[in-house]
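Enquirer: Top line first, the protein sequences correspond to chains X and W.
In terms of UniProt numbering, the first sequence is residues 1 to 338.
In terms of UniProt numbering, the second sequence is residues 1 to 338.
Yeah, the Cβ is synthetic: ideal placement off N, Cα and C, and Gly gets one too.
Protein chains: 2
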Amino acid sequence: MGATRRPTIKTVAARAGVGRTTVSRVLNGSPLVSDEARAAVQAAIAELGYVPNSVARSLVTSRTDSIALVVPESESRLGSEPYFSAVIRGVSNALAGTQIQLLLTLVRDRRELDQLTRFLAARRVDGVLLVSVHRDDPLPGLLEELGLPTVLAGRRSPAESLNHVHSDNVGGARAAVRHLLERGRSGIATIAGPLDMDVGNSRLRGWREALRDAGRKVDESLVEPADFTEEGGRSAMRALLERHPGLDAVFAASDVMAAGALAELRGHGRRVPDDVAVVGFDDSIVARHTDPPLTSVRQPVEEIGRTITELLLREIEAPGSARHHVVLPTSLVVRDST
Amino acid sequence: MGATRRPTIKTVAARAGVGRTTVSRVLNGSPLVSDEARAAVQAAIAELGYVPNSVARSLVTSRTDSIALVVPESESRLGSEPYFSAVIRGVSNALAGTQIQLLLTLVRDRRELDQLTRFLAARRVDGVLLVSVHRDDPLPGLLEELGLPTVLAGRRSPAESLNHVHSDNVGGARAAVRHLLERGRSGIATIAGPLDMDVGNSRLRGWREALRDAGRKVDESLVEPADFTEEGGRSAMRALLERHPGLDAVFAASDVMAAGALAELRGHGRRVPDDVAVVGFDDSIVARHTDPPLTSVRQPVEEIGRTITELLLREIEAPGSARHHVVLPTSLVVRDST
DNA sequence: GATGGTGGTGGGAACGTTCCCATTCGCAGG
DNA sequence: CCTGCGAATGGGAACGTTCCCACCACCATC
Numbered sequence: 001m002g003a004t005r006r007p008t009i010k011t012v013a014a015r016a017g018v019g020r021t022t023v024s025r026v027l028n029g030s031p032l033v034s035d036e037a038r039a040a041v042q043a044a045i046a047e048l049g050y051v052p053n054s055v056a057r058s059l060v061t062s063r064t065d066s067i068a069l070v071v072p073e074s075e076s077r078l079g080s081e082p083y084f085s086a087v088i089r090g091v092s093n094a095l096a097g098t099q100i101q102l103l104l105t106l107v108r109d110r111r112e113l114d115q116l117t118r119f120l121a122a123r124r125v126d127g128v129l130l131v132s133v134h135r136d137d138p139l140p141g142l143l144e145e146l147g148l149p150t151v152l153a154g155r156r157s158p159a160e161s162l163n164h165v166h167s168d169n170v171g172g173a174r175a176a177v178r179h180l181l182e183r184g185r186s187g188i189a190t191i192a193g194p195l196d197m198d199v200g201n202s203r204l205r206g207w208r209e210a211l212r213d214a215g216r217k218v219d220e221s222l223v224e225p226a227d228f229t230e231e232g233g234r235s236a237m238r239a240l241l242e243r244h245p246g247l248d249a250v251f252a253a254s255d256v257m258a259a260g261a262l263a264e265l266r267g268h269g270r271r272v273p274d275d276v277a278v279v280g281f282d283d284s285i286v287a288r289h290t291d292p293p294l295t296s297v298r299q300p301v302e303e304i305g306r307t308i309t310e311l312l313l314r315e316i317e318a319p320g321s322a323r324h325h326v327v328l329p330t331s332l333v334v335r336d337s338t
Numbered sequence: 001m002g003a004t005r006r007p008t009i010k011t012v013a014a015r016a017g018v019g020r021t022t023v024s025r026v027l028n029g030s031p032l033v034s035d036e037a038r039a040a041v042q043a044a045i046a047e048l049g050y051v052p053n054s055v056a057r058s059l060v061t062s063r064t065d066s067i068a069l070v071v072p073e074s075e076s077r078l079g080s081e082p083y084f085s086a087v088i089r090g091v092s093n094a095l096a097g098t099q100i101q102l103l104l105t106l107v108r109d110r111r112e113l114d115q116l117t118r119f120l121a122a123r124r125v126d127g128v129l130l131v132s133v134h135r136d137d138p139l140p141g142l143l144e145e146l147g148l149p150t151v152l153a154g155r156r157s158p159a160e161s162l163n164h165v166h167s168d169n170v171g172g173a174r175a176a177v178r179h180l181l182e183r184g185r186s187g188i189a190t191i192a193g194p195l196d197m198d199v200g201n202s203r204l205r206g207w208r209e210a211l212r213d214a215g216r217k218v219d220e221s222l223v224e225p226a227d228f229t230e231e232g233g234r235s236a237m238r239a240l241l242e243r244h245p246g247l248d249a250v251f252a253a254s255d256v257m258a259a260g261a262l263a264e265l266r267g268h269g270r271r272v273p274d275d276v277a278v279v280g281f282d283d284s285i286v287a288r289h290t291d292p293p294l295t296s297v298r299q300p301v302e303e304i305g306r307t308i309t310e311l312l313l314r315e316i317e318a319p320g321s322a323r324h325h326v327v328l329p330t331s332l333v334v335r336d337s338t
């Protein structure tokens with residue numbers, strides 16, 4: 001009882017008593033088919049349980065009907081950051097109506113980068129979504145060279161030449177710091193993100209601008225960059241406390257780093273928010289469960305995922321149509337840490 | 001300056017002064033090629049920047065070199081549960097050495113299920129990883145019917161017929177409850193997972209067995225199932241407190257539900273762990289940041305991801321080789337909630 | 001009644017591989 | 001000197017589609 005081989009378009013054509021081409025036309029919804037022919041073909045398809053071979057189709061159309069979501073990140077992050085899950089959800093939502101499949105590629109080291117390069121050069125996807133880009137990331141340049149439709153979540157620098165989408169990091173950070181100022185805080189430090197990423201720089205810039213707008217002097221020794229991890233947030237907090245024992249507020253560029261800061265503050269006997277107020281960024285699940293719950297800047301991560309996907313689909317449909325740059329709004333969610 | 005079309009195997013053959021087949025042999029590492037021919041081909045490949053067209057290859061080999069990770073889950077979960085991220089990381093790790101690509105498919109509703117069904121029937125992947133299976137999930141049966149290599153993370157029931165991997169849910173739950181008993185607690189309730197999932201049932205069974213082993217009477221009104229969400233954990237806790245105002249311990253089948261329970265307990269003025277001790281399951285990032293930090297059952301989620309992938313690759317290589325069933329160990333991480 | 005457009009149709013070629021088979025060459029063995 | 005064999009090679013066919021083009025029948029138009 002060997003499994004009979006899958007029916008092809010020829011089998012269907014024979015069964016329906018029409019030519020190969022007519023079957024193809026029915027499959028692709030061409031209007032140039034008589035009603036009888038269409039009915040016969042559809043009946044044959046149903047009887048045979050025919051499913052088109054998309055590989056064969058790809059070969060001739062040179063479309064793969066799939067896109068890649070590339071996450072060039074040391075493995076530590078995908079775990080700790082709800083960010084990626086939310087992006088994935090947004091992407092998947094945007095793809096739901098289409099026939100397009102999502103490939104997920106984690107790039108952790110040089111070897112995986114080379115492998116991805118070959119993969120992209122072979123055009124095994126129609127387009128690429130790139131998430132969490134670093135300033136000197138080789139991938140965006142490569143994609144530009146290959147001429148593969150690409151959209152970034154984030155950007156290499158404010159002068160980004162590729163299509164990209166990001167949230168209003170500067171505005172969000174400003175709102176956070178303004179909120180701390182309104183609460184009467186005067187010694188406001190910041191745990192910045194990695195400075196080789198635009199997110200890191202932009203949120204830091206927001207901190208600076210808010211202070212400047214309020215007529216405060218900007219003391220650069222109140223800045224301590226970290227790597228978006230909890231442990232990084234902890235040691236940044238430690239360094240800040242050493243330099244400025246009298247600080248009374250911290251703006252952390254991510255919730256996870258803020259959580260690390262909270263732990264460190266507790267270790268030093270500082271009460272939050274009484275002695276030190278803390279604001280995070282992301283408004284992730286972590287923010288709701290820290291002790292005390294974190295005031296945080298909400299960014300619409302899922303919407304970022306949806307938007308980059310929509311832009312990419314448009315770019316695939318009409319390549320080189322236009323450079324798109326979308327900025328999504330943030331909002332401040334106030335909880336008990338301020 | 002129109003982009004010159006990609007070189008094919010024919011171009012390479014001409015350039016190297018050999019036949020198509022010889023190039024193919026070099027590409028596939030056949031030993032039946034002379035050293036000179038091989039060198040000439042490799043030179044030509046390098047000069048032309050030739051990259052094999054994997055779609056054409058797929059057409060003839062009928063292998064796609066990709067597998068799908070299917071997450072049949074209402075969208076609320078992928079976000080809140082670090083579980084999925086960890087699985088993905090494990091899968092990606094196991095795939096790192098291979099040429100195999102990972103497709104991520106979220107199945108949220110009937111329409112997406114139909115779409116996936118067609119996709120799988122078209123054999124657009126070589127195998128499928130299925131995560132978070134419900135008892136009456138149609139997908140496992142479909143996959144069995146299609147004869148597509150499949151491995152489950154979790155199982156439909158203890159009698160699962162497909163290859164599957166899961167952690168020792170019963171043992172983990174037993175350890176949690178035993179720990180509560182050792183702490184001198186006597187009114188131990190449980191917020192169970194969904195009872196249409198084996199994880200839910202197994203963890204509940206562990207709760208029952210631990211009580212029985214200790215010679216306690218098992219009071220079924222101390223059981224309240226929920227849906228693995230925070231809000232679900234909250235209302236389950238509320239129901240339990242109503243029925244048993246005197247309970248002094250809760251075992252929740254997930255950290256997220258435990259976090260909901262903590263919030264509800266706080267609302268009722270109960271102190272944790274003084275009045276009520278709480279244990280979670282997963283040892284996710286959430287457990288470390290709740291107030292107080294959660295005692296939790298750790299399960300090796302990343303390893304689950306790695307293992308299901310390894311099994312799947314083996315199954316693809318040698319179909320029907322054997323039914324595999326792997327159980328991975330859990331361990332208890334004690335923090336301040338007990 | 002020739003002309004020409006138009007809706008419907010089907011066969012051939014092409015997409016870029018791999019696999020099967022036939023062919024060539026050199027060399028050992030009788 | 002013929003035979004046989006294995007290593008190296010290349011051409012044809014096949015994989016299952018889509019697209020181009022040719023064709024036919026029909027009807028409207030001049």
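1) Determine the chain W residues that contact residue 124 of chain X at a beta-carbon separation under 8 angstroms, and present them in chain order.
2) Going by the CB atoms, is the gap between residue 240 of chain W and residue 220 of chain W shorter than 8 angstroms?
3) Closer than 7 angstroms by beta-carbon distance: list the chain W residues that pair up with residue 289 of chain X, in chain order.
4) Residues of chain X with CB closer than 7 angstroms to the CB of residue 58 of chain W, please, in chain order.
5) So, under 8 angstroms CB-CB, residue 100 of chain X and residue 54 of chain X are touching, yes? Tell me the CB distance rounded to an integer number of Å.
6) Can you tell me whether DSSP reads residue 151 of chain X as helix, strand or coil?
7) Can you list the residues of chain W that residue 84 of chain X reaches, using a CB-CB cut of under 8 angstroms?
8) Under the three-state reduction of DSSP, which class applies to residue 75 of chain X: helix, strand or coil?
9) Using a Cβ-Cβ cut-off of less than 7 angstroms, give me the residues of the stretch 264-285 of chain W that come near chain X, in sequence order.
10) Looking at chain X, is there any beta carbon in it that lies within less than 8 angstroms of the beta carbon of residue 51 of chain W?
11) Within 8 angstroms (strictly less), CB to CB, does residue 118 of chain W reach chain X?
12) Interface residues of chain X around residue 308 of chain W at Cβ under 8 angstroms?
13) How about the stretch 322-332 of chain X and the stretch 164-179 of chain X: do they share at least three Cβ pairs that are nearer than 8 angstroms?
14) Based on the DSSP secondary-structure assignment, which residues constitute the bridge partners of residue 191 of chain X?
15) Pairing CB atoms from the stretch 247-264 of chain X with CB atoms from the stretch 302-322 of chain X, are three or more of them under 8 angstroms?
16) For residue 112 of chain X and chain W, any beta-carbon pair shorter than 8 angstroms?
17) Counting along the chain, where does the alpha helix (DSSP H) carrying residue 12 of chain W start and finish?
18) Is any beta-carbon of chain X found at less than 8 angstroms from that of residue 152 of chain W?
19) What in chain X is Cβ-close to residue 92 of chain W, meaning under 7 angstroms?
20) Show which residues of chain X have a CB atom less than 8 angstroms away from the CB atom of residue 318 of chain W.
21) What distance in whole Å lies between the Cβ atoms of residue 335 of chain W and residue 294 of chain W, which are believed to be in contact at a cut-off of 8 angstroms?
22) Can you name the residues of chain X whose CB is closer than 9 angstroms to the CB of residue 9 of chain W?
23) Would you kindly check if the distance between the Cβ of residue 206 of chain X and the Cβ of residue 171 of chain X is under 8 angstroms?
24) Work out the CA separation of residue 98 of chain W and residue 117 of chain W for me, nearest whole Å.
25) Would DSSP call residue 165 of chain X helix, strand or coil?
26) Closest Cβ-Cβ distance between residue 96 of chain W and chain X: below 8 angstroms?
27) Near residue 268 of chain W, which residues of its chain fall below 7 angstroms by C-beta distance, leaving aside the five closest residues on each side in sequence?
28) State yes or no: is the beta carbon of residue 67 of chain W nearer than 8 angstroms to at least one beta carbon in chain X?
29) Between residue 285 of chain W and residue 71 of chain X, what straight-line distance do the alpha-carbon atoms span, to the nearest angstrom?
30) For residue 226 of chain X versus residue 191 of chain X, is the C-beta distance shorter than 8 angstroms?
31) Select from X:47, X:265, X:149, X:244 the residue whose C-alpha is nearest the C-alpha of residue 125 of chain X.
32) Do residue 277 of chain X and residue 249 of chain X come within 8 angstroms of each other at the CB atom, strictly closer than that value?
33) Report the rounded CA-to-CA distance for residue 143 of chain W versus residue 61 of chain X, giving the unit in angstroms.
34) Using DSSP with H/G/I as helix, E/B as strand and the rest coil, what is residue 367 of chain W?
35) Which runs of the alpha helix (DSSP H) fall wholly inside the stretch 282-311 of chain W and span at least 4 residues, in chain order?
36) Let me confirm a value: residue 218 of chain W is counted as buried when at least 16 other C-beta atoms fall within 10 Å, else exposed. Which label applies?
Expert: Looking at the coordinates:
1) What residue 124 of chain X touches in chain W: 54, 55, 101.
2) Contact: no.
3) 259, 286, 289, 290
4) In chain order: 55.
5) So it is not a contact: roughly 12 angstroms between Cβ atoms.
6) Looking at residue 151 of chain X - three-state DSSP - the assignment turns out to be strand.
7) 85
8) Because residue 75 of chain X carries a pLDDT of 47, less than 50, the predicted location of this residue cannot be relied on, and the following value inherits that uncertainty. In the structure shown, residue 75 of chain X sits in a helix (DSSP, three-state: H, G or I).
9) 285
10) yes
11) Answer yes: the Cβ-Cβ gap between residue 118 of chain W and chain X drops below 8 angstroms somewhere.
12) Chain X residues near residue 308 of chain W: none, gap ~15 angstroms exceeds 8 angstroms.
13) yes
14) X:224, X:252
15) no
16) yes
17) 9-16
18) Taking Cβ atoms only, chain X never reaches closer than 8 angstroms to residue 152 of chain W, which makes this a no.
19) 106
20) Per Cβ cutoff of 8 angstroms: no residues; residue 318 of chain W is ~17 angstroms from chain X at best.
21) Residue 294 of chain W to residue 335 of chain W, Cβ: 6 angstroms. Contact.
22) Simply none; closest approach about 13 angstroms.
23) Using a Cβ distance threshold of 8 angstroms, residue 171 of chain X and residue 206 of chain X count as a contacting pair.
24) 26 angstroms
25) Look at residue 165 of chain X here: in three-state DSSP terms it is strand.
26) yes
27) 241
28) Under the Cβ distance rule, residue 67 of chain W does not count among the residues neighbouring chain X, no pair being separated by less than 8 angstroms.
29) 20 angstroms
30) yes
31) Checked all of X:47, X:265, X:149, X:244; the closest Cα to residue 125 of chain X is X:149.
32) Yes, the pair counts as a contact, with Cβ atoms nearer than the cut-off.
33) 29 angstroms
34) This structure cannot speak to residue 367 of chain W, because chain W is shown only from 1 to 338.
35) 285-289
36) exposed
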